[in-house]
Amino acid sequence: MSLDGFSLSLLITELNQTLTGGRIDRIYQPDKHTLTLLVRQLNETIRLLISIKPENPCMYISAALPENPAAPPAFCMLLRKHLEDGRIASLSQHGLDRTVFIDIDVRNERGELVTKRLVVELMGKHSNIIFTQNNLIVDAIRRIGTNVSSYRQVLPGRQYEYPPGPLGHDLLRGSIPDFIAQLSLENDLSLAKAIVKITSGIGPVTAREIVWRSGLPADIMVNALDKSDLAAVSEAIYSIRNLLQKDPLQPSLVMDATNRIVAMAAFKLEHLTAGQRQTFPTMSQLLEFTSDQKGIQKPPEKIMVEKLLTGEISKQKRKLAALTAELADANACDQLRLYADILMAHLYQSLPTRCEQIILPNIYSTTEGDTAIIPLDPSLSVLENAQAYYGKYNKLKRAQDLLAEQLSHCRQEIAYLESIQVALADTSLQAELAEIKQELTQAGYVKPTAKRRSPTAPTAPLQVASSNGAIILIGKNNRQNDALTCKQARPDDLWFHAKDIPGSHVILRTETVPPPEQIIREAAQLAAYFSKARQSANVPVDFTKRRHVKKPAGAKPGFVIYDHQKTLYVTPPDEQTVQQKLKETGK
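The sequence shown begins at 1 in the UniProt record's numbering and counts up by one.
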C-alpha cells in the first residue's frame, strides 16, 4: 500500500512549506534503499527520510533518525560532497506522477549559485533516487543498465528521462468537463477502472472513493451511466478538490481487524465503512505510522539467529525431558538394592533356581508379614541375580549425581538461550544484532567467520526518565546487561530483574535520598516489560542494591547472583507507553 500521485501532491505541498529555504546539514544512507537528509530550518533540525524499499516506497519528515553504518556508501559520499550546505529551493512533482523533484541551490567552486536536483521515483520495485545536474545523471542509488532495461537506462553521464507511462487527466488542476467527456467513451470498463485508466496519479483507492461519493454502486459500468450519473461523478471530484484545499487536511487510513492497512489517502476516506479508521495531523505522520506498522523487513541475519535459537531451545528441551526420565529411573535404584539384600538374606535357604521371579519375606519392611516379588534372570543363580542387582544399583547410584548435574546445566542453558531470544525480539540496531551473533559465536552456537574483528565497546543501554525525572537504564542484551550491572551502575543504585524469568537488567539511578515507592514500581514495570513475561498480567520482579549483585567467575554473559532482594508483583506497561517514554527521552 502506497500513496497515489493524487495524495502525493498534497505531501509535496506540505514538505514545501516545511523544508523550502532550509540548509542541508548532513546526509546519511542507512541502507541501500534509504536516504536521510538533516535539514536545518531556523532553530530546528528536520529529518527528511526517503525510502525506495519495493514494498513501501515513501518520503516523509521523520521523528526518528535511523542507525547509520560506520562507513557511508559511495552514493552517500557523493551527495555529501555536492549537496551539503546547499539550500532546498523547492519540491515539485512531474504532473501527478509519483516522481518528485527536490531542487537544491549550492555554490560551486567559483562561488556561483547553481541548482542541483534529487529525483525521487516512488514506483514500487522500480523506485529510485537519482542525482542530476542540468538534466544529466550524476549518479543514482540504483543504477539501471541495459541488462535490466532496454528502454531506459539510469547511468552516470546519460540524460535523465522520465519513467515510461502515459499522462492522463489531472483531476486536481485540470478540466473536469474534458475528463467526463472522455470517461463516457470507456463503455467496456467499470467506472472505478475507467477513472484509473484515463487519469494521471489516481489509484484504485481514490477512484473507489469518487464512485462512493457519487452515490453509485461500486461495480457500476460506464455504459450504465446516464447524464445525472456523470453529473454526480463530476460533483464528487469537485468535493474532493474542495477537501484538499481546506486547512488542515485530514490524511487518513483504514485498517482491517488484523491491523493490516487496507487504504490510505490525503483526505478522509468514507467508502470503506468496515475497519478501523485513523486520521493524522500531517501526511508525514501518516506515512511514518504506516512505515512503523509495516515494519522494516527483518534482516536475513536476524531471521537466521531466530531460527538458530528456536532450534537450539527445542533441542535442549528434548534433552531435558530425556534426562528427567533417566533420573526418574536412577532414583528407583534403591528398589534394586532392596531386591539384592533380600536375595542375599535368604541364600542359606534352599531357593528354587532357573525361575523368572520369586516371592520372599521382606525382612526390611516395617509391616509384619510383608513380602517382595523379585524378578529374576532364569539363566543366573540366585547369588548371581543378587550380584547383578547390586551392579545395577551401583551404576544408577553413580548416574544420579551425574544426571542431576546434567539436568541443572540443561536448565541453565535453556534459560540462557531464552534470555538471548528475549533480547533478539527487541533488537532493531545492526550493532546490537552483531553483539548477539558475537555472543552466540563465543558460546559455540555459531561458527566463527574467517575474518576476525577487533572487539568493540558494547552498545549503549536504553535510557528512560521516570515520572519524577530519575534515570532508568535498561540492558537490551547480555553484553549490555554485564556492562550496565558490573561497570556502569553505582553500589547504591537499585538493580531490577524479573524473578526466575529471562529478561533485561534494569538500573534505577539513586541519589542521596531513597527513591519513592512509585518510582521503584515504575522501574519494576520496565523490568517486567523487558522480559519473557511481557504479556503476563502479574509478574514478580526482584530488586536489590547493586552492591548485592555479583557475577560468578566463569559465568555466562548476563548471569548474576544476588541477595538482600525484595519482590514486587507488577503488570508490565503496554508497548505504546514504553515507546512514548523512549521517544521522550530520545535514548
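From the three backbone atoms N, C-alpha and C, an ideal C-beta is built for every residue, glycine too.
Q | Candidates Val119, Gln387, Asn362 and Ile303, of which the one nearest Leu136 by Cα | A | When each option's Cα is compared against that of Leu136, the closest is Val119.
(Q) Along the chain, where does the alpha helix (DSSP H) containing Thr18 start, and where does it finish? (A) Thr18: member of the alpha helix (DSSP H) spanning Gly5 to Leu19, first to last residue.
Q.
Mapping the DSSP letters down to three states, classify His82 as helix, strand or coil.
A. For His82, the secondary structure class from DSSP, reduced to helix, strand or coil, is helix.
Q | 8 Å CB neighbourhood of Leu45 in its chain, flanking five on each side removed | A | It should be pointed out that residue 45 corresponds to Thr in this sequence rather than to Leu. Excluding residues within five positions, the ones whose Cβ falls inside 8 Å are Asp25, Leu38 and Val39.
Q) For the ligand ZN, is there a heavy atom less than 7 Å away from the beta-carbon of Val541? A) Of ligands this structure carries none, so the ligand ZN is not represented either.
Q) According to DSSP, what are the bridge partners of Ala465? A) Beta-bridge pairing links Ala465 to Ile471.
Q: Check whether the segment 436 to 443 touches the segment 486 to 497, counting contact only when three or more Cβ pairs, one atom from each stretch, lie closer than 8 Å.
A: By the C-beta criterion, the segment 436 to 443 is judged not to be in contact with the segment 486 to 497, since fewer than 3 inter-stretch pairs fall below 8 Å.
(Q) Quick check: the Cα distance between Arg354 and Gln316, rounded to an integer number of angstroms? (A) C-alpha of Arg354 to C-alpha of Gln316: approximately 44 Å in a straight line.
Q) Considering only residues of the same chain and omitting the five flanking positions on each side of Tyr416, which have a CB-CB separation below 6 Å? A) Within the same chain, Cβ atoms closer than 6 Å to the Cβ of Tyr416 are found at Lys556, the five residues on either side in sequence being excluded.
Q: For Gly503, count neighbouring C-beta atoms within 10 Å of its own C-beta (all shown protein chains included) and say buried if the count is 16 or more, exposed if not.
A: The Cβ neighbour count for Gly503, taken over all protein chains shown within 10 Å, is at least 16; the residue is labelled buried.
Q | Whole-Å CB distance - Glu301 paired with Lys437, under 8 Å assumed | A | Confirmed, Cβ separation roughly 7 Å.
Q) Quick one, are the C-beta atoms of Val100 and Leu83 less than 8 Å apart? A) No; because the gap between Cβ atoms is not below 8 Å, this pair is not in contact.
Q.
Can you give me the C-alpha to C-alpha distance between Ala181 and Val222, rounded to a whole angstrom?
A. In this structure, the CA atom of Ala181 is about 12 Å from the CA atom of Val222.
Q) Looking only at its own chain, which residues have a Cβ that is under 7 Å from the Cβ of Glu432, when we skip the five neighbours before and after it? A) Taken in chain order, the residues that qualify are Thr459, Lys476 and Asn477.
Q.
Distance check for Asp292 and Pro63, CA to CA, integer angstroms please.
A. The question names Pro, but residue 63 in the sequence shown is Ala. Between the C-alpha atoms of Ala63 and Asp292 there is a straight-line separation of about 12 Å.
Q: Could you tell me whether the Cβ atoms of Tyr393 and Leu336 are closer together than 8 Å?
A: Cβ atoms of Tyr393 and Leu336: closer than 8 Å.
**Q.** Enclosing beta strand (DSSP E) for Val106 [first to last residue]
**A.** First-last of the beta strand (DSSP E) with Val106: Thr99 to Arg107.
Q: With DSSP as the reference, please indicate the residues paired to His497 in a beta bridge.
A: In the DSSP output, where bridge partners are listed per residue, His497 has Asp542.
Q) Where do the ends of the beta strand (DSSP E) carrying Lys116 lie? A) Residue range Leu113 to Glu121 is occupied by the beta strand (DSSP E) that includes Lys116.
Q. Should Thr577 be labelled buried (16 or more other beta-carbon atoms within 10 Å of its own) or exposed?
A. Taking every protein chain shown into account, the CB of Thr577 has fewer than 16 other CB atoms within 10 angstroms, so this residue is exposed.
Q | Exposure of Val464, with buried meaning 16 or more beta-carbon neighbours within 10 Å | A | Note on Val464: 16 or more other CB atoms within 10 angstroms of its CB, so buried under the neighbour-count rule.
Q) Taking Cβ positions, are Leu526 and Pro515 nearer each other than 8 Å? A) Cβ distance not < 8 Å, so Leu526 and Pro515 don't count as in contact.
**Q.** Reduced DSSP category for Phe131 - H, G, I as helix; E, B as strand; rest coil
**A.** In this structure, Phe131 counts as strand in the three-state DSSP scheme.
Q | Ser149 burial status per 10 Å Cβ neighbour count (16 or more: buried) | A | Within a 10 Å sphere around the beta-carbon of Ser149 sit fewer than 16 other beta-carbons, which makes this residue exposed.
Q. Using the rule of at least 16 other Cβ atoms within 10 Å of the residue's Cβ for burial, across every protein chain shown, is Asn187 buried or exposed?
A. That one is exposed.
Q: Quick one: using the 10 Å Cβ neighbour count with 16 as the cut-off for buried, is Gln276 buried or exposed?
A: So Gln276 ends up on the exposed side.
Q) In the DSSP assignment, what are the bridge partners of Lys227? A) Lys227 pairs with nothing; no bridge assigned.
Q: Check whether the segment 161 to 180 touches the segment 233 to 245, counting contact only when three or more Cβ pairs, one atom from each stretch, lie closer than 8 Å.
A: Flag = yes, the segment 161 to 180 and the segment 233 to 245 touch.
Q | Terminal residues of the alpha helix (DSSP H) in which Thr585 lies | A | The continuous alpha helix (DSSP H) containing Thr585 extends over residues Glu575 to Thr585.
Q | Neighbourhood of Ser467 by C-beta, 8 Å cutoff - its chain only, sequence neighbours within 5 removed | A | Same-chain partners within the cutoff: Gln518, Ile519 and Glu522.
Q: Report yes if the CB atom of Leu407 is closer than 8 Å to the CB atom of Leu327, and no otherwise.
A: Going by beta carbons, Leu407 and Leu327 fall inside the 8 Å limit.
Q. Rounded to a whole number of angstroms, what is the C-alpha to C-alpha distance between Pro164 and Leu15?
A. Answer to the nearest angstrom: the Cα atoms are 26 Å apart.
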